[in-house]
Amino acid sequence: MTINTLSQDGVQRQQMPCLTKMERMIISMQDPDMGIKLRNQRLLITVIPHKCSISDEEALHVGQLFVKYGYIYPLKEPRNLILKADDSSYRFQTPYYWMSTRWPASELDYAIYLAKKNIRKQGELIEYEKECYNALHKRINHTWDFVVMQAREQLRASKQRRKGDRIVLECQEQAYWLVNRPPPGTQDSIDHGPERRTTNTRVQLNSYHNHFYVKYCEQYQPHDPIMQGCLPSNPWITDDIMFWNMNSETVALPTKLRVERWSFSFMELLNDQMGRKEFLTYLEKEFSAENLCFWQACEDVRHGETAKIPEKVDEVYKQFLAPGASRWVNIDSKTMEKTLEGLKRPHRFVLDDAQMHIYFLMKKDSYPRYLKSELYKNLLARAIVPQETKKSVFPFMRRQRHSSPSPALATQTAEDDGKAKKTRIVTINNIKLKLNPIRKKKRFWDSQIYK
Amino acid sequence: MCDQTFLAITFGPCDNCSQNKPLMNIYLKNEPINYCSLCVELMACQGLAKGETTNTLKAESESLKAKLEEERAKLHDVELHQVAEKIDALGQFVMKTRRTLKGHGNKVLCMDWCRDKRRIVSSSQDGKVIVWDAYTTNKEHAVTMPCTWVMACAYAPSGCAVACGGLDNKCSVYPLSLDKNENLAAKKKSVAMHTNYLSSCSFTNSDMQILTSSGDGTCALWDVESGQLLQSFHGHSADVLSLDLAPSETGNTFVSGGCDKKANVWDMRSGQNVQSFETHESDINNVKYYPSGDAFATGSDDATCRLYDLRADREVAIYSKDSIIFGASSVDFSLSGRLLFAGYNDYTINVWDVLKGTRVAILFGHENRVSTVRVSPDGTAFCSGSWDNTLRVSAYLRSSGESELRNILYNTV
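Line order of the protein sequences matches chains A and B.
Residues in the first sequence are numbered from 1 upward in steps of one, following UniProt numbering.
Residues in the second sequence are numbered from 1 upward in steps of one, following UniProt numbering.
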């Protein structure tokens with residue numbers, strides 16, 4: 001039986017499928033032939049059998065989770081729900097107390113358990129159990145007669161069992177409640193996040209080309225720092241931000257990898273601000289720069305503020321689409337007609353068709369020619385290949401990690417024209433303070449050299 | 001072999017109401033009887049009984065699924081991992097934690113990178129949203145939300161604002177102010193309004209629009225300035241848990257995954273559901289596009305991650321192992337798309353070879369569920385947030401002569 005919740009319209013939904021899987025493993029572990037060695041109704045965790053190849057570490061980790069979720073419980077220190085890789089004894093929890101059978105643990109059951117403990121040990125409940133008991137007494141006070149009655153009945157029934165069975169049952173019950181009502185301060189392993197509801201199919205069988213994925217991964221592998229590292233070094237590893245500085249938007253000369261990447265696809269070229277600028281320079285030479293400008297203006301409309309759409313669309317029309325416009329773009333007549341018609345009632349997507357047309361025009365025509373142009377080839381030849389930073393001889397001499405100006409700063413100083421200059425100065429001083437350490441260091445080394 | 005010296009019936013007809021239900025074993029006058037929990041409550045407090053209806057369309061859908069699989073198997077296609085057989089296997093990947101960000105007082109639920117490749121925003125169960133410079137580990141901004149369980153947060157493309165939301169059913173945008181004395185909450189903009197919790201949010205290509213997904217089963221596109229709803233997306237039959245925008249040239253689609261086990265692809269302009277994928281066996285917790293935009297990966301409670309191809313309109317790879325039994329909460333690709341990082345509810349992060357379908361590394365270190373995993377924008381590192389209240393930024397250490405292979409546990413330097 002698995003945990004199910006019945007929703008309003010009664011559709012069953014299986015929660016926590018991990019429990020089904022754990023239970024399957026637990027059952028196979030108890031197989032008399034293939035399972036774990038058992039000894040006198042106890043078992044020792046020595047080697048956890050695995051049908052798949054997993055490391056010892058992983059096996060231990062999985063075992064830990066079994067204990068945390070209450071499928072196995074320790075005998076020596078029942079309150080310490082961890083799996084130790086030594087000779088300590090554990091016992092399998094009876095399926096009656098498995099999480100899928102009895103979850104969520106009800107308050108009524110807990111109240112009965114605590115009441116039993118109270119009666120049996122004559123009031124020897126632990127601190128937090130006492131608190132829970134009192135809280136429950138208040139909360140479900142209307143059922144208290146039933147609780148006490150049940151507690152007495154269950155104790156009476158258990159007295160009729162053999163002593164061995166009784167002890168085992170008590171252990172099982174205790175283990176169950178340690179998992180489902182953990183003492184404060186210990187980890188709550190059954191915490192599973194906010195409640196998810198439930199409520200209330202097309203077959204396309206096409207052939208596909210998986211070679212695409214292989215090609216893509218191979219093409220991008222040199223650019224993937226996790227796959228192949230990055231030059232001069234990964235800032236997170238060496239605490240040297242040279243890599244970021246060399247690849248910033250405003251650097252004078254880009255790296256070779258970066259320029260190469262522009263040749264992968266038109267999107268890669270446009271996504272890089274520097275690439276876009278280079279492309280614009282090329283288009284200007286070809287007298288077709290208005291295409292890129294038009295495309296950018298359309299992007300602005302599509303992703304900008306809703307309130308500003310009408311005025312932006314108007315601007316675009318005046319600059320690019322109107323007959324005799326200063327930067328008139330060459331769109332086919334059908335698209336132009338449709339666009340002009342749509343302009344009468346401007347909305348966010350009114351320029352989409354025209355934008356798409358110009359985009360594909362650039363992609364099919366200007367972009368391939370750019371890649372073959374002197375401008376691009378020149379840049380590629382001049383592009384830098386950074387030297388790999390040699391690993392420092394003394395690894396414990398950690399470099400100071402400098403902060404960088406927040407991206408929020410750039411726009412803020414631009415926007416706050418109205419605000420007093422005071423604020424601007426303050427922020428600039430903050431940067432100065434942050435950059436000072438570098439300056440100071442430099443001077444120190446300089447003076448050393450001159451000595 | 002289990003310790004059981006008596007038989008306890010845990011499911012069956014209730015002795016009182018005769019319905020087939022999970023049973024509680026109680027004693028009345030020294031006689032064991034089996035009542036369903038409802039009848040027990042009834043007896044305990046003499047309340048009113050409620051009826052419940054059950055309804056199973058499951059059997060029918062199961063048989064349809066079986067037929068589907070039959071048809072699929074008839075088509076003899078070469079699987080992704082077969083094509084990938086020719087390429088070299090990846091070696092051991094030793095990832096080291098390079099930064100541990102401590103400061104959240106409770107479970108970290110979500111995080112997002114800033115485009116400057118070093119700043120991040122993170123949100124947690126206690127209602128705090130923190131902006132860090134992960135490189136220096138300094139906290140730069142902190143906001144306290146009026147609700148707990150802030151399950152979604154996102155950094156604006158410009159780096160000037162963050163969006164967040166959760167159990168308040170809203171998505172709010174906070175412009176980041178550098179004035180230390182200014183209360184960020186003062187300039188808060190309430191943008192999205194749903195009728196259930198906000199599970200995920202993302203800015204589109206600019207600061208002006210936000211895409212949200214919610215526990216009410218819908219996704220929605222909002223204008224930030226006015227708070228106006230621009231488009232809503234209906235089609236999921238349960239909570240939507242995650243969404244991701246396509247990195248395509250026309251930039252018009254996104255994918256969402258939810259508790260109905262479906263991953264849906266939507267056209268942002270028309271609101272139409274253009275494609276749907278349903279092969280997972282449980283809730284889909286996270287969806288993420290492959291870098292080229294032609295496919296996407298999902299992480300689910302069924303302990304598998306899957307790759308779906310959009311042009312072929314089908315699942316092309318499953319990433320699973322017998323020893324992984326806990327759900328995957330979060331997935332992300334490395335820059336080249338060769339590696340898939342997946343955070344799991346068993347506190348680990350598994351790194352998969354996307355092409356071969358094998359696991360290349362398993363990372364321990366978090367002391368509770370991993371709730372979010374994100375690779376940085378330039379692919380130099382990845383950040384994982386966990387229910388153990390911390391965030392860790394890890395990077396691949398190319399060992400040069402050091403034998404780090406046994407040392408898979410995190411080392412903070």
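Cβ atoms here follow ideal geometry from the backbone N, Cα and C, with glycine treated the same way.
Requested in this report: Would you identify the three-state DSSP class for aspartate 239 (chain B), choosing helix, strand or coil?
Outcome: As a working mapping, residue 239 (chain B) is identified with position 239 in the second sequence. Correct three-state label for aspartate 239 (chain B): coil.
Query raised in the report: CB asparagine 286 (chain B) to CB serine 329 (chain B), shorter than 8 Å?
Result: As a working mapping, residue 286 (chain B) is identified with position 286 in the second sequence. As a working mapping, residue 329 (chain B) is identified with position 329 in the second sequence. Taking 8 Å as the Cβ cut-off, asparagine 286 (chain B) and serine 329 (chain B) qualify as a contacting pair.
Query raised in the report: Does the Cβ-Cβ distance between arginine 91 (chain A) and tyrosine 73 (chain A) come in under 8 Å?
Result: Residue 91 (chain A) sits at position 91 when you count from the first residue of the first sequence. Residue 73 (chain A) sits at position 73 when you count from the first residue of the first sequence. Yes, Cβ-Cβ distance for arginine 91 (chain A) and tyrosine 73 (chain A) is below 8 Å.
Query - Candidates B:Asp216, B:Leu230, B:Ser206, B:Ala142: closest to residue 482 (chain B) by CA position - result: In the structure displayed, chain B extends from 1 to 413; residue 482 (chain B) sits before or after that span and is not available.
Query raised in the report: For asparagine 138 (chain B), which three-state DSSP category applies?
Result: Here residue 138 (chain B) refers to the residue found at position 138 when the second sequence is read from its first residue. Residue state, collapsed to three classes: strand.
Requested in this report: Using a Cβ cut-off of 7 Å, pull out every chain A residue sitting near phenylalanine 326 (chain B), in sequence order please.
Outcome: Locating residue 326 (chain B) in the second sequence gives position 326, where the first residue counts as 1. The contacting residues are Cys18.
Query - Residue(s) in a DSSP beta bridge with glycine 251 (chain B) - result: Translated into positions along the second sequence, residue 251 (chain B) becomes position 251. Its beta-bridge partners do not exist; DSSP assigns none.
Requested in this report: Would you tell me roughly how many angstroms separate the C-alpha atoms of asparagine 206 (chain A) and threonine 20 (chain A), rounded to the nearest one?
Outcome: As a working note, residue 206 (chain A) is residue 206 in the first sequence. As a working note, residue 20 (chain A) is residue 20 in the first sequence. Low confidence applies to asparagine 206 (chain A): its pLDDT is 38, below 50, so where it sits in the model is not reliable, and the reading given next is rough at best. Computed Cα separation, rounded: 34 Å.
Query raised in the report: By how many angstroms is the C-alpha of arginine 382 (chain A) removed from the C-alpha of cysteine 160 (chain B)?
Result: If you number the second sequence from 1, residue 160 (chain B) lands on position 160. If you number the first sequence from 1, residue 382 (chain A) lands on position 382. Distance between the alpha carbons of cysteine 160 (chain B) and arginine 382 (chain A): 35 Å.
Query raised in the report: Can you find a CB in chain E that lies within less than 8 Å of the CB of glycine 304 (chain A)?
Result: The structure shown has no chain E; the protein chains it does contain are A and B.
Query raised in the report: Under a Cβ-count criterion, where at least 16 other Cβ atoms within 10 Å of its own Cβ denotes burial, should isoleucine 331 (chain A) be classed as buried or exposed?
Result: Walking along the first sequence from the start, residue 331 (chain A) turns up at place 331. Looking at its Cβ environment, which holds 16 or more other Cβ atoms inside 10 Å, isoleucine 331 (chain A) is buried.
Requested in this report: Kindly list, in the order they appear in chain A, the residues whose Cβ is closer than 8 Å to that of arginine 98 (chain B).
Outcome: Here residue 98 (chain B) corresponds to residue number 98 of the second sequence, with the count starting at 1. By Cβ distance, chain A contributes Trp236, Ile237.
Query raised in the report: Closest Cβ-Cβ distance between tryptophan 177 (chain A) and chain B: below 8 Å?
Result: The sequence position of residue 177 (chain A) within the first sequence is 177, counting from 1. With 8 Å as the cut-off, tryptophan 177 (chain A) does not count as an interface residue toward chain B.
**Report entry** Beta-carbon neighbours of glutamate 62 (chain B), restricted to chain A and to distances below 8 Å
**Finding:** Taking the second sequence and counting its residues from 1, one reaches residue 62 (chain B) at position 62. Chain A residues near glutamate 62 (chain B): none, gap ~12 Å exceeds 8 Å.
Query raised in the report: Among residues of its own chain, excluding the 5 on either side of isoleucine 325 (chain B), which ones have a beta-carbon nearer than 8 Å to its beta-carbon?
Result: Locating residue 325 (chain B) in the second sequence gives position 325, where the first residue counts as 1. These residues qualify, in order along the chain: Ala303, Asp346.
Requested in this report: Using alpha carbons as the reference points, say which of B:Trp113, B:Ala152, B:Leu241 lies closest to glutamine 125 (chain B).
Outcome: Within the second sequence, the letter at position 125 stands for residue 125 (chain B). Out of B:Trp113, B:Ala152, B:Leu241, B:Ala152 has the C-alpha closest to the C-alpha of glutamine 125 (chain B).
Query raised in the report: Nearest-angstrom Cα distance between aspartate 416 (chain A) and phenylalanine 320 (chain A)?
Result: Start at 1 with the first residue of the first sequence, and residue 416 (chain A) comes out as number 416. Start at 1 with the first residue of the first sequence, and residue 320 (chain A) comes out as number 320. For aspartate 416 (chain A), the pLDDT reaches just 46, beneath the cut-off of 50, and the residue's location in the model is therefore unreliable, although a value from the coordinates is still provided. Those two C-alpha atoms are separated by around 32 Å.
Query raised in the report: Hey, quick one: how far does the alpha helix (DSSP H) through histidine 234 (chain B) stretch, first residue to last?
Result: Counting from 1 along the second sequence, the entry for residue 234 (chain B) is found at position 234. Looking at the DSSP string, histidine 234 (chain B) is not in any alpha helix (DSSP H); the run it does join, the beta strand (DSSP E), is 229 to 234.
**Report entry** Top-ranked residue by Cα proximity to glutamine 355 (chain A), from A:Val329, A:Tyr370, A:Lys377
**Finding:** On the first sequence, residue 355 (chain A) is found 355 positions in, with the first residue counted as 1. Among A:Val329, A:Tyr370, A:Lys377, the Cα nearest to that of glutamine 355 (chain A) is on A:Val329.
Query raised in the report: Out of curiosity, what's the CA-to-CA distance linking tryptophan 244 (chain A) and glutamate 140 (chain B)?
Result: Mapped onto the first sequence, residue 244 (chain A) falls at position 244. Mapped onto the second sequence, residue 140 (chain B) falls at position 140. Spanning the two alpha carbons is a distance of roughly 20 Å.
Query raised in the report: Closest to threonine 281 (chain A) by CA distance: which of A:Ser28, A:Ala111, A:Asp240, A:Tyr367 is it?
Result: As a first step, residue 281 (chain A) must be located in the first sequence, where it is residue number 281. Answer by Cα proximity: A:Tyr367.
Query raised in the report: Quick one: which chain A residues come within Cβ less than 8 Å of isoleucine 349 (chain B)?
Result: For the purposes of this step, residue 349 (chain B) is identified with residue 349 of the second sequence, where counting begins at 1. Near isoleucine 349 (chain B) there are no residues of chain A at all, since even the closest Cβ is about 13 Å away, more than 8 Å.
Query - Partners in chain A for asparagine 368 (chain B), counting only beta-carbon separations shorter than 8 Å - result: Here residue 368 (chain B) refers to the residue found at position 368 of the second sequence. What asparagine 368 (chain B) touches in chain A: Gln187.
Report task. Give me whichever residues DSSP pairs with cysteine 153 (chain B) in a beta bridge. Result -> For the purposes of this step, residue 153 (chain B) is identified with residue 153 of the second sequence, where counting begins at 1. In the DSSP output, where bridge partners are listed per residue, cysteine 153 (chain B) has B:Cys164.
Query raised in the report: Using a C-beta cutoff of 8 Å, does tyrosine 110 (chain A) count as contacting chain B?
Result: Numbered from 1 along the first sequence, position 110 holds the residue referred to as residue 110 (chain A). By this cut-off, tyrosine 110 (chain A) is not an interface position.
**Report entry** aspartate 332 (chain B) classed as buried or exposed, judged by whether at least 16 other C-beta atoms fall within 10 angstroms
**Finding:** Here residue 332 (chain B) refers to the residue found at position 332 of the second sequence. With 16 or more other Cβ atoms within 10 Å, it is buried.
Query - Cα-Cα separation between isoleucine 119 (chain A) and leucine 64 (chain B), rounded to whole angstroms - result: Along the first sequence, one-based indexing puts residue 119 (chain A) at 119. Along the second sequence, one-based indexing puts residue 64 (chain B) at 64. Spanning the two alpha carbons is a distance of roughly 56 Å.
**Report entry** Identity of the residue in B:Met111, B:Gly127, B:Ile120, B:Thr97 nearest glycine 105 (chain B) by Cα
**Finding:** Mapped onto the second sequence, residue 105 (chain B) falls at position 105. Comparing Cα positions, the closest option is B:Gly127.
Query raised in the report: Shorter than 8 Å from the beta carbon of glutamine 387 (chain A) to some beta carbon of chain B?
Result: Position 387 of the first sequence, counted from the start, is the residue given in the question as residue 387 (chain A). Judged by the 8 Å Cβ criterion, glutamine 387 (chain A) is not in contact with chain B.
Query - Residue range of the beta strand (DSSP E) that includes tyrosine 90 (chain A) - result: By one-based count along the first sequence, residue 90 (chain A) stands at place 90. Start and end: 89 to 92.
Query raised in the report: Using a C-beta to C-beta distance shorter than 7 Å, which residues of chain B count as neighbours of tyrosine 216 (chain A)?
Result: Stepping through the first sequence from its first residue, residue 216 (chain A) is reached at position 216. Simply Ser292, Gly337.
**Report entry** CB contact check: methionine 22 (chain A) to chain B, cutoff 8 Å
**Finding:** For the purposes of this step, residue 22 (chain A) is identified with residue 22 of the first sequence, where counting begins at 1. Cβ-Cβ to chain B under 8 Å: yes for methionine 22 (chain A).
Report task. Using alpha carbons as the reference points, say which of A:Glu58, A:Glu57, A:Gly63 lies closest to methionine 25 (chain A). Result -> As a first step, residue 25 (chain A) must be located in the first sequence, where it is residue number 25. Of A:Glu58, A:Glu57, A:Gly63, the smallest CA-CA separation from methionine 25 (chain A) is found for A:Gly63.
Query raised in the report: When DSSP builds the beta bridges, which residues end up paired with glycine 12 (chain B)?
Result: For the purposes of this step, residue 12 (chain B) is taken as the residue at position 12 of the second sequence. Glycine 12 (chain B) pairs with B:Lys21.
Report task. Please classify alanine 135 (chain A): is it buried, with 16 or more other beta-carbons within 10 angstroms of its beta-carbon, or exposed? Result -> Position 135 of the first sequence, counted from the start, is the residue given in the question as residue 135 (chain A). Note on alanine 135 (chain A): under 16 other CB atoms within 10 angstroms of its CB, so exposed under the neighbour-count rule.
Query raised in the report: So does the region 156 to 176 of chain B actually touch the region 207 to 219 of chain B, counting three or more Cβ pairs closer than 8 Å?
Result: yes
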